[in-house]
């Protein structure tokens, strides 16, 4: 269990969370019972203020849920669902915090580039970037609207398609994107 918590903490910074927040989530994810802030302080050897801040952050990401027990003034915390639920919550939160503002900014930049002296090739590149990101966002919305069982099927199919495409492009020796004059990097 400690190795999992340590690794989750190490990965936290790569996922947009600090180490202690990720460790709190790891412990709550593994725990079969809801835990109090005091339990987390004791088990993870973290400062009470660090745990309190971490719990608030995890609630803002919608990764944990507080509850109370009758006759007990303390709050108990539980990780929501399984790892699929956690990944979905993080993706949704990051989309809102990072991706949606980028789409908005790119739309404004594209509109303003059409009105100023931005060179045509740069305008085309901005439009291409915006269109690609909008397609990705529509794909996310479509996938997110599916029931979980269908989402998992799409992920499995996607992995198989990826391997088929890799096999075909490797056998053809092609490393150019169709419809583009740009070389795409070879997978090594």
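In this note's numbering, the protein residues as written are 1018 to 1205.
No residue lacks a Cβ here, since even glycine has one placed at the ideal position from N, Cα and C.
Within 10 angstroms of the Cβ of residue i, are there 16 or more other Cβ atoms? Answer buried if so, exposed if not.
i: residue 1037; result: buried
i: residue 1203; result: With a pLDDT of only 48 at residue 1203, under 50, the local geometry of the prediction cannot be trusted, and the value read off the model is given with reservation. Residue 1203 comes out exposed.
i: residue 1132; result: exposed
i: residue 1068; result: buried
i: residue 1153; result: exposed
i: residue 1054; result: buried
i: residue 1175; result: exposed
i: residue 1063; result: buried
i: residue 1080; result: buried
Rank the options by C-alpha distance to the C-alpha of residue i and give the top, closest one.
i: residue 1032; options: 1173, 1151, 1105; result: 1105
i: residue 1096; options: 1024, 1040, 1030, 1174; result: 1040
i: residue 1109; options: 1162, 1029, 1020, 1023; result: 1162
i: residue 1103; options: 1159, 1148, 1165; result: 1165
i: residue 1120; options: 1044, 1051, 1144, 1045; result: 1144
i: residue 1146; options: 1168, 1158, 1063, 1125; result: 1125
i: residue 1150; options: 1172, 1122, 1169; result: 1122
i: residue 1116; options: 1157, 1135, 1141, 1083; result: 1157
i: residue 1022; options: 1043, 1176, 1048; result: 1043
i: residue 1050; options: 1027, 1098, 1070; result: 1098
Is residue i helix, strand or coil by DSSP?
i: residue 1039; result: helix
i: residue 1122; result: helix
i: residue 1079; result: coil
i: residue 1115; result: helix
i: residue 1127; result: helix
i: residue 1050; result: coil
i: residue 1200; result: The predicted model places residue 1200 with a pLDDT of 47, which falls under 50 and marks its position as unreliable, so this point remains unresolved.
i: residue 1085; result: strand
i: residue 1137; result: helix
i: residue 1064; result: coil
i: residue 1193; result: Confidence in residue 1193 is poor, its pLDDT being 46 and thus under 50, which makes the residue's placement unreliable; the coordinate value appears in the next sentence. Three-state result, residue 1193: strand.
Please work out which residues of its chain come closer than 6 Å, Cβ to Cβ, to residue i, disregarding the five sequence neighbours upstream and downstream, and give them in chain order.
i: residue 1065; result: 1058
i: residue 1046; result: 1096
i: residue 1083; result: 1092, 1094
Counting only the same chain and skipping the five closest in sequence on each side, list residues whose C-beta sits under 7 Å from that of residue i.
i: residue 1205; result: Bear in mind that the predicted position of residue 1205 carries a pLDDT of just 44, short of 50, making it unreliable; the figure below should be weighed with that in mind. Answer for residue 1205: no residue qualifies.
Kindly list the residues whose CB is nearer than 8 Å to the CB of residue i, restricted to its own chain and excluding five residues on each side of it in sequence; keep chain order.
i: residue 1085; result: 1091, 1092, 1093
Contact between the stretch 1073–1086 and the stretch 1125–1140: three or more CB pairs below 8 Å?
no
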